[in-house]
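Down below is the structure, laid out as structure tokens.
Numbering (this note's numbering), first residue to last: 18 to 293.
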């Protein structure tokens, strides 16, 4: 049962300090915390935390006209999570810009998982994505949304990839970052070596790939490796593993990495019998 709402009249109220100047804090970091934005993401945060997925809400801040419609969503949070409510001028002053969605939660990240423990929790038959140098938050959010849509079991990100719990990445993923298990922090070579040693058939996606993605054979464990926008995967990775491409008409060198991940995931999910 959610806590009784607490009205905020002063944007300088210390109780809502974690919500102040959201865009600036996006850049400077939140020391283990993150911002979940929007009704759908708030619902997924509450449901995931109730299932014990490692995420937890610290506080919720709502625009006053959103409160009446969110009763069921708020009931997923324990009474210990404060729910603050503010009028539009106060809400905007807290956030630092006009927040028309009017739904924010301050969440706490789970303990860092750099890969080994996540690998040990994956099912025997697994489909995962591995990202190397993915620095665009929109792309990372879209990749997580694709992973959820096509039943990927996890996403692995190397140490140079951006944080998927950045506010915009969570929003673009429509909350999928909170439901698809992920690990981040290893060097690309160590990350892929761990996947290989765990029995994954590793396929690097590249316009120079040897075979079309439709020709990737079914296997018990498959890892699709994605490179950064523009440069793609480095030669050291492309030369170490098998590679696949998405056939397209001539005239454009490549697809957006998020789009490519969706096409490839769909094809492999079909091959593995995960979608029909």
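Just so it is clear, CB atoms sit at the ideal spot from N, CA and C, and this is done for glycine as well.
Every value quoted in this text rests on a predicted model; they were computed, and no experiment measured them.
Cut-off 6 Å between Cβ atoms - residues of its own chain near residue i, not counting five sequence neighbours on either side
{"i": "residue 275", "result": "156, 159, 160"}
{"i": "residue 150", "result": "177, 245"}
{"i": "residue 190", "result": "158, 161, 162"}
{"i": "residue 82", "result": "none"}
{"i": "residue 77", "result": "100, 122"}
Neighbourhood of residue i by C-beta distance below 8 Å, restricted to the same chain and skipping five residues each side
{"i": "residue 50", "result": "35, 75, 123, 124, 125, 126"}
{"i": "residue 256", "result": "none"}
{"i": "residue 14", "result": "The structure shown does not extend to residue 14, since the chain spans only 18 to 293, so no value can be given for it."}
{"i": "residue 216", "result": "237, 238"}
{"i": "residue 212", "result": "136, 145, 147, 173, 219, 240"}
{"i": "residue 22", "result": "79, 84, 100, 101, 102"}
{"i": "residue 188", "result": "54, 55, 58, 158"}
Exposed unless 16 or more other CB atoms sit within 10 angstroms - verdict on residue i
{"i": "residue 178", "result": "buried"}
{"i": "residue 45", "result": "Because the pLDDT of residue 45 is 47, which lies under 50, any placement of that residue in the model is unreliable, and the question is left without a value."}
{"i": "residue 289", "result": "buried"}
{"i": "residue 54", "result": "buried"}
{"i": "residue 175", "result": "buried"}
{"i": "residue 101", "result": "buried"}
{"i": "residue 86", "result": "exposed"}
{"i": "residue 114", "result": "exposed"}
{"i": "residue 221", "result": "buried"}
{"i": "residue 265", "result": "exposed"}
{"i": "residue 253", "result": "exposed"}
{"i": "residue 97", "result": "exposed"}
{"i": "residue 153", "result": "buried"}
{"i": "residue 277", "result": "buried"}
{"i": "residue 138", "result": "exposed"}
{"i": "residue 293", "result": "exposed"}
{"i": "residue 226", "result": "buried"}
{"i": "residue 148", "result": "buried"}
{"i": "residue 88", "result": "exposed"}
Same chain, Cβ closer than 7 Å to residue i, five either side skipped, listed in chain order
{"i": "residue 12", "result": "For the chain, the structure presents residues 18 to 293; residue 12 sits outside this window and is missing."}
{"i": "residue 118", "result": "54, 55"}
{"i": "residue 182", "result": "51, 126, 194"}
{"i": "residue 105", "result": "80"}
{"i": "residue 107", "result": "25, 26, 28"}
Residues sharing a beta bridge with residue i, DSSP
{"i": "residue 219", "result": "240"}
{"i": "residue 63", "result": "Answer by DSSP bridge pairing: none, since residue 63 is not bridged."}
{"i": "residue 249", "result": "245"}
{"i": "residue 13", "result": "Nothing in the structure corresponds to residue 13, since the chain is present only between 18 and 293."}
{"i": "residue 24", "result": "102"}
Pick out the complete alpha helix (DSSP H) segments inside the region 130-205, 4 residues or longer, and give them in chain order. The qualifying runs are 133-138, 154-166, 184-189.
Taking 8 Å as the cut-off, does the region 193-202 touch the region 222-234 (at least 3 CB pairs, one atom from each stretch)? Here the region 222-234 does not lie against the region 193-202, with fewer than 3 beta-carbon pairs under 8 Å apart.
If you pair each beta-carbon of the region 240-250 with each one of the region 188-195, do three or more pairs fall below 8 Å? Taking 8 Å as the limit for Cβ pairs, the verdict is that the region 188-195 does not touch the region 240-250.
If we require 3 or more residues per run, which beta strand (DSSP E) segments fall completely within the region 73-133? Taking 3 residues as the minimum length, the beta strand (DSSP E) runs contained wholly in the region 73-133 are 73-80, 100-103, 120-125, in order along the chain.
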